[in-house]
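What follows is one structure encoded as structure tokens, with my remarks underneath.
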Amino acid sequence: MSDLNSIAQTAIGKELEHVKKLKETAERLRHPVLKALLEGIAKDSEKHSLFYQAIVDFLNRVSPMLTEEELESLKASIEKHLEIEAKMIQLTKEWSEKVEDPRLKMILWAIHEDEVKHHILLEDIRDKIAKRETFTEDNFWDAVWKDSPWHGTPGG
259 MSDLNSIAQT AIGKELEHVK KLKETAERLR HPVLKALLEG IAKDSEKHSL FYQAIVDFLN
319 RVSPMLTEEE LESLKASIEK HLEIEAKMIQ LTKEWSEKVE DPRLKMILWA IHEDEVKHHI
379 LLEDIRDKIA KRETFTEDNF WDAVWKDSPW HGTPGG
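First residue of the sequence shown: 259, per my numbering; consecutive thereafter.
Below is the structure:
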């Protein structure tokens, strides 16, 4: 895993260099679509650097468990966001099919693809990651009594 750690640390630096160069290029542009696209790509690179930092943190620190309350709050937030994402997926698809200007079509399709990726990622967070990282009351009692010869009563 030390290889992944050093790869992730290197990637953080490369992504942030990329961000700086893209922002410098975007600042020189007056074309609104090109400027927005380059700034959007720069933000994606910033996001990637955050993801790489999360990998480094995960490999080098103990991650705190979520409480059941935090899990419920996270699930509610994700469900709400999934509803919004689903609407935006549909709208951006419809808009990109109606628009004739290829520049506008490109930017709408880029938004659409991001919305699809976000939707899948949110479902994965909800279904695969958050549940696994939650410490439940059952986990607590299991930890307390599982290996105890008395199982909660005097003398067993």
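Just so it is clear, CB atoms sit at the ideal spot from N, CA and C, and this is done for glycine as well.
Euclidean distance between Cα positions of residue i and residue j
| i | j | result |
| --- | --- | --- |
| isoleucine 378 | methionine 364 | 21 Å |
| lysine 356 | leucine 274 | 36 Å |
| glutamate 326 | leucine 332 | 10 Å |
| proline 360 | threonine 283 | 22 Å |
| leucine 329 | isoleucine 369 | 29 Å |
Close-in-space but distant-in-sequence residues of the same chain around residue i (CB under 8 Å, 5 per side omitted)
| i | result |
| --- | --- |
| leucine 262 | Ile313, Leu317 |
| alanine 294 | Ile365 |
Cutoff 7 Å; reference residue i; Cβ partners in own chain excluding five residues on either side
| i | result |
| --- | --- |
| histidine 376 | Glu343 |
Min CB distance residue i to chain B below 8 Å
| i | result |
| --- | --- |
| lysine 338 | Chain labels in this structure do not include chain B; a single protein chain is all it has. |
First through last residue of the alpha helix (DSSP H) which encompasses residue i
| i | result |
| --- | --- |
| proline 322 | First-last for proline 322: undefined, no H or E at that position. |
| alanine 368 | 360-382 |
| lysine 272 | 260-286 |
Pick from the options that is closest to residue i, judged by C-alpha positions
| i | options | result |
| --- | --- | --- |
| serine 303 | Leu329, Arg319, Arg361, Lys281 | Lys281 |
| glutamate 352 | Asp359, Trp367, Glu341 | Trp367 |
| lysine 272 | Leu292, Leu362, Lys305 | Lys305 |
| leucine 362 | His289, Tyr310, Phe309, Met323 | His289 |
| tyrosine 310 | Pro322, Gln267, Ala388, Lys386 | Gln267 |
Beta-carbon contacts of residue i that lie in its chain and below 6 Å, excluding the five residues immediately before and after
| i | result |
| --- | --- |
| isoleucine 336 | Leu380, Arg384 |
| alanine 300 | Val277, Leu280, Lys281 |
| glutamate 417 | Outside the displayed span of the chain (259 to 414) sits residue 417, for which this structure offers no information. |
Residue i Cβ short of 7 Å to the ligand SAM heavy atom set
| i | result |
| --- | --- |
| aspartate 315 | As far as ligands go, the structure on display features none, and thus does not contain the ligand SAM. |
Presumed contact (8 Å Cβ cut-off) between residue i and residue j, rounded CB distance
| i | j | result |
| --- | --- | --- |
| serine 307 | isoleucine 270 | 5 Å |
| methionine 346 | glutamate 373 | 5 Å |
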